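Asks: Residues in the sequence shown are numbered from 3 upward in steps of one, following this note's numbering.
From the three backbone atoms N, C-alpha and C, an ideal C-beta is built for every residue, glycine too.
These numbers come from a predicted model, not from an experiment.
First the structure, then my questions, so here it is.
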Amino acid sequence: FMGLKAALVTDCSSLTSFGKLIGLDVLQLSETYQKSDSSSSEFLRLLGFEGGKCLDVSLYDSVFVHIDGDNVGMIDSLIGSIMKMAQPGSEIAPRLHLSVVLSYGSVTDKDASLFPVKTQQEGLNHAFAGLVPRQSYTMRGQKTRDDVRDYCPMLVAQWQDGVTRRDLVDTLSFEALRKLSGNLVIPADRFIHEVAFKLWKAPKYGA
Numbered sequence: 003f004m005g006l007k008a009a010l011v012t013d014c015s016s017l018t019s020f021g022k023l024i025g026l027d028v029l030q031l032s033e034t035y036q037k038s039d040s041s042s043s044e045f046l047r048l049l050g051f052e053g054g055k056c057l058d059v060s061l062y063d064s065v066f067v068h069i070d071g072d073n074v075g076m077i078d079s080l081i082g083s084i085m086k087m088a089q090p091g092s093e094i095a096p097r098l099h100l101s102v103v104l105s106y107g108s109v110t111d112k113d114a115s116l117f118p119v120k121t122q123q124e125g126l127n128h129a130f131a132g133l134v135p136r137q138s139y140t141m142r143g144q145k146t147r148d149d150v151r152d153y154c155p156m157l158v159a160q161w162q163d164g165v166t167r168r169d170l171v172d173t174l175s176f177e178a179l180r181k182l183s184g185n186l187v188i189p190a191d192r193f194i195h196e197v198a199f200k201l202w203k204a205p206k207y208g209a
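See below:
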């Protein structure tokens, strides 16, 4: 999968079929997750980390974990235990990239007004509209993309020791990210490339 040895951990049957279709090894979440630090240890072991150390080989370069909205507590405990193990200064921290993606579920037409990301050009003379730089997420090469929403149906938070910029966001909500984060936007299909870049498996997206 994009040159990555990648696995998908989920209990969703439709996502299982999709994962296999795009070349992911699919593991059952119910068999991997337990309500203890041993669950995060198992996910880290898949990535080549064990006992706070980096192993010589790893089963996977990337592991995607899908958790549905009925198990928010599972997300909190899993991320908390992983962050506890990957403290700055540890052997794991500089080699681990963590992305958390929160989806709102079904997307409706009204979401365009509830979760806007497009900057309004107030007072801009229409004659100069063509001179305003376009955001990179609206482009593919030199062509404008016509399949990009101007609102956010998903939120992303990333952590990688010594690499990711820090902001003031302390809750994963649209309002918090809009007011306190860099408010950066990326299409879902390019997001995977961005993760691969952070794993040294792909060039910088857009490069």
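#1: Give the straight-line distance between the Cα atoms of Leu98 and Asp163, rounded to the nearest whole angstrom.
#2: Mapping DSSP to helix, strand and coil, what is Asp159?
#3: Would you mind sorting Ser40 into buried or exposed? The rule is 16 or more other CB atoms within 10 Å of its CB.
#4: Using 10 angstroms around the beta-carbon of Ala9, count the other beta-carbons present and answer buried if the total reaches 16, otherwise exposed.
#5: Identify whether Val28 lies in helix, strand or coil by the three-state DSSP scheme.
#6: In the DSSP assignment, the alpha helix (DSSP H) including Phe193 goes from what residue to what residue?
#7: Candidates Arg136, Ser60, Val197, Leu17: which alpha carbon is nearest Leu31's?
#8: Taking DSSP as the reference, what is the three-state secondary structure of Arg97?
#9: According to DSSP, is Leu170 part of a helix, a strand, or is it coil?
#10: For a test of the three-state rule: what should DSSP assign to Val59, helix, strand or coil?
#11: Quick one: grab the DSSP three-state call for Ala88.
Replies: In terms of the structure at hand:
#1: Here residue 98 is taken as the residue at index 96 of the sequence shown, counted from 1. Here residue 163 is taken as the residue at index 161 of the sequence shown, counted from 1. Approximately 8 Å, taken between the alpha carbons.
#2: The residue you call residue 159 lines up with position 157 of the sequence shown. First, the amino acid is wrong: residue 159 is Ala here, not Asp. Three-state DSSP puts Ala159 in a strand.
#3: By 1-based counting over the sequence shown, the position of residue 40 is 38. Ser40 should be labelled exposed.
#4: For the purposes of this step, residue 9 is taken as the residue at position 7 of the sequence shown. The residue in question, Ala9, is buried, as its Cβ has 16 or more Cβ neighbours within 10 Å.
#5: Taking the sequence shown and counting its residues from 1, one reaches residue 28 at position 26. It is a strand residue.
#6: Along the sequence shown, one-based indexing puts residue 193 at 191. Segment 190 to 200, the alpha helix (DSSP H) holding Phe193.
#7: Residue mapping note: residue 31 aligns to position 29 of the sequence shown, counting from 1. The option with the nearest alpha carbon to Leu31 is Leu17.
#8: For the purposes of this step, residue 97 is taken as the residue at position 95 of the sequence shown. Reduced to three states, the DSSP call for Arg97 is helix.
#9: As a position in the sequence shown, residue 170 is number 168, starting the count at 1. Three-state DSSP puts Leu170 in coil, outside helix and strand.
#10: Taking the sequence shown and counting its residues from 1, one reaches residue 59 at position 57. Val59: coil per DSSP, three-state reduction.
#11: In the sequence shown, counting from the first residue as 1, residue 88 sits at position 86. Of the three classes helix, strand and coil, the one that applies to Ala88 here is coil, per DSSP.
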